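Residue numbers (this note's numbering), protein chains in the order written: chain L, 102 to 291; chain Z, 102 to 291.
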């Protein structure tokens, strides 16, 4: 079940570097694409950085709305993640084409992708120079959600939930799943 | 063995979102710290983005030299990764304290950390506004190296090399290892 996550913990959805789905909404339509180049940028208020290439429909919708979401998809969605990262929404409705379902977000118009395990609702911070030069978008996270069945003691735990593991794109449809949980002994825990 | 990697493939060292070690050199000394907030920013010429907090020794050395390296550490180095991310180099020589060995880089003065599986030599691109506002450094990759024993057909393959798996920090010393290699069927490969 999707449950709210305190904003100060929002960075934990991206700290391990998973590939994300970026959703956007403007001009009466929505889109979804994959982005491996996304990371946290600050703890509180939480910020993120994500690369959204020029000429994509997502870029156009984000430029128009100043909003997007970053969703953390799963191994069960591997085919869809790769597909929405390879095809443009200009020619196809990727939601329908790949069977992805949108759910309403709480603070932004861009929708949440159902079946993911984490969701960040984001508002773009105006940094036109880096947007133009590097396709880099900096945004504040204004709401966060997590799938509670894989969230234990304040972080993801995919043990026994193999199909819910987040994924990490390498190139050309090759991914790593998020692997084993290991803890440095220096922490004195576990 | 550490072997050169073509620059156009350099993004593949970070595309899966591993936690990195950042090395730096200036004023006759070097330092090493951990950074989970690092990602590729472009393919060719390759660029990266990394967050280097204000007030750290690494920030001071990177500001002075305009250079750093991003190294991809392994599960075998988990304790060291966590330690160099928790302690400041201002008070301790972290190399000696944690038994990390430095090797010379080829194009920058910042050293490479031995025992890692990937290395990027980076030159800072001057973006003072985002450096100041977000602690965000954008850099061009000027040389790249990979550990050839875990590099197969143009990407990491950690099968049978468990201790060489890259790692992904979550928070407070909790990490995920890089998991299983999986390929989207849409690619028509494997």
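We put the CB at the ideal spot given by N, CA and C, even for glycine. Treat the numbers as computed from the prediction; the structure is a model and nothing was measured.
query, result
"Do the CB positions of residue 286 (chain Z) and residue 107 (chain L) come within less than 8 angstroms of each other?", "no"
"CB-CB under 7 angstroms to residue 271 (chain L), same chain, minus the five flanking residues each way: which ones, in chain order?", "277"
"For residue 186 (chain Z), count neighbouring C-beta atoms within 10 Å of its own C-beta (all shown protein chains included) and say buried if the count is 16 or more, exposed if not.", "buried"
"Any Cβ of chain Z within less than 8 angstroms of the Cβ of residue 170 (chain L)?", "no"
"Would you mind reading off the limits of the beta strand (DSSP E) that contains residue 267 (chain Z)?", "Note, residue 267 (chain Z): premise wrong, no beta strand (DSSP E); not H, not E."
"What does residue 261 (chain Z) touch in chain L if you count any residue whose Cβ is under 9 angstroms from its own?", "Here the premise fails: no neighbours, minimum Cβ distance about 14 angstroms."
"Please report whether the beta-carbon of residue 119 (chain Z) lies at a distance below 8 angstroms from any beta-carbon of chain B.", "Protein chains in the displayed structure are L and Z, and chain B is not among them."
"DSSP beta-bridge partners for residue 105 (chain Z)?", "Z:246"
"Nearest chain Z C-beta to residue 153 (chain L) closer than 8 angstroms, yes or no?", "no"
"Would you mind telling me which residues of chain Z sit closer than 9 angstroms to residue 113 (chain L), beta carbon to beta carbon, in chain order?", "271, 272"
"DSSP on residue 148 (chain L), reduced to helix/strand/coil?", "strand"
"Would you call the CB atoms of residue 127 (chain L) and residue 162 (chain L) closer than 8 angstroms?", "yes"
"Which first and last residues belong to the alpha helix (DSSP H) in which residue 182 (chain L) is found?", "179–185"
"Excluding the five sequence neighbours on either side, which residues of its own chain have a C-beta within less than 6 angstroms of the C-beta of residue 257 (chain L), listed in chain order?", "251"
"Name the two residues that bound the continuous beta strand (DSSP E) containing residue 120 (chain Z).", "No beta strand (DSSP E) holds residue 120 (chain Z); DSSP gives it neither H nor E."
"Suppose you measure from the CA of residue 142 (chain L) to the CA of residue 237 (chain Z); what does that come to, to the nearest Å?", "8 angstroms"
"Could you tell me the alpha carbon to alpha carbon distance between residue 229 (chain L) and residue 223 (chain L), rounded to whole angstroms?", "17 angstroms"
"Find the nearest neighbour of residue 105 (chain L) within the set L:235, L:247, L:194, judged by alpha-carbon distance.", "L:247"
"How about residue 182 (chain L) and residue 242 (chain L): do their beta carbons lie closer than 8 angstroms?", "no"
"Please classify residue 132 (chain L) as buried or exposed, where buried requires at least 16 neighbouring CB atoms within 10 angstroms.", "buried"
"How would you list, in chain order, the residues of chain L whose beta-carbon sits under 9 angstroms from the beta-carbon of residue 222 (chain Z)?", "Neighbours of residue 222 (chain Z) on chain L: none; closest Cβ ~19 angstroms, over 9 angstroms."
"Give a yes or no on whether the C-beta atoms belonging to residue 136 (chain Z) and residue 121 (chain Z) are separated by under 8 angstroms.", "yes"
"Going by CA-CA distance only, name the one from Z:151, Z:147, Z:189 that's closest to residue 158 (chain Z).", "Z:189"
"Please state whether DSSP places residue 252 (chain Z) in a helix, a strand or coil.", "strand"
"Along the stretch 276–289 of chain L, where does the CB come closer than 9 angstroms to a CB of chain Z? Name the residues.", "276, 277, 278, 279, 280, 281, 282, 283, 284, 285, 286, 287, 288, 289"
"Going by C-alpha to C-alpha distance, which of Z:207, Z:210, Z:245, Z:283 sits closest to residue 115 (chain Z)?", "Z:245"
"In the DSSP assignment, the alpha helix (DSSP H) including residue 197 (chain Z) goes from what residue to what residue?", "195–199"
"Which partner residues does residue 221 (chain Z) have in the DSSP bridge list?", "Z:171, Z:245"
"Counting only C-beta atoms, is residue 109 (chain Z) closer than 8 angstroms to chain L at any point?", "no"
"Which of the three DSSP states, helix, strand or coil, is assigned to residue 280 (chain L)?", "strand"
"Check this for me: beta carbons of residue 264 (chain L) and residue 209 (chain L), under 8 angstroms apart or not?", "no"
"Leaving out five residues on either side along the sequence, give the residues of the same chain with a beta carbon under 7 angstroms from the beta carbon of residue 290 (chain L).", "Because the pLDDT of residue 290 (chain L) is 46, which lies under 50, any placement of that residue in the model is unreliable, and the question is left without a value."
"For residue 164 (chain L), report the span of its alpha helix (DSSP H) as first-last.", "158–166"
"Is the shortest distance between the beta-carbon of residue 256 (chain Z) and the beta-carbons of chain L less than 8 angstroms?", "yes"
"Under three-state DSSP, which class holds residue 230 (chain Z)?", "helix"
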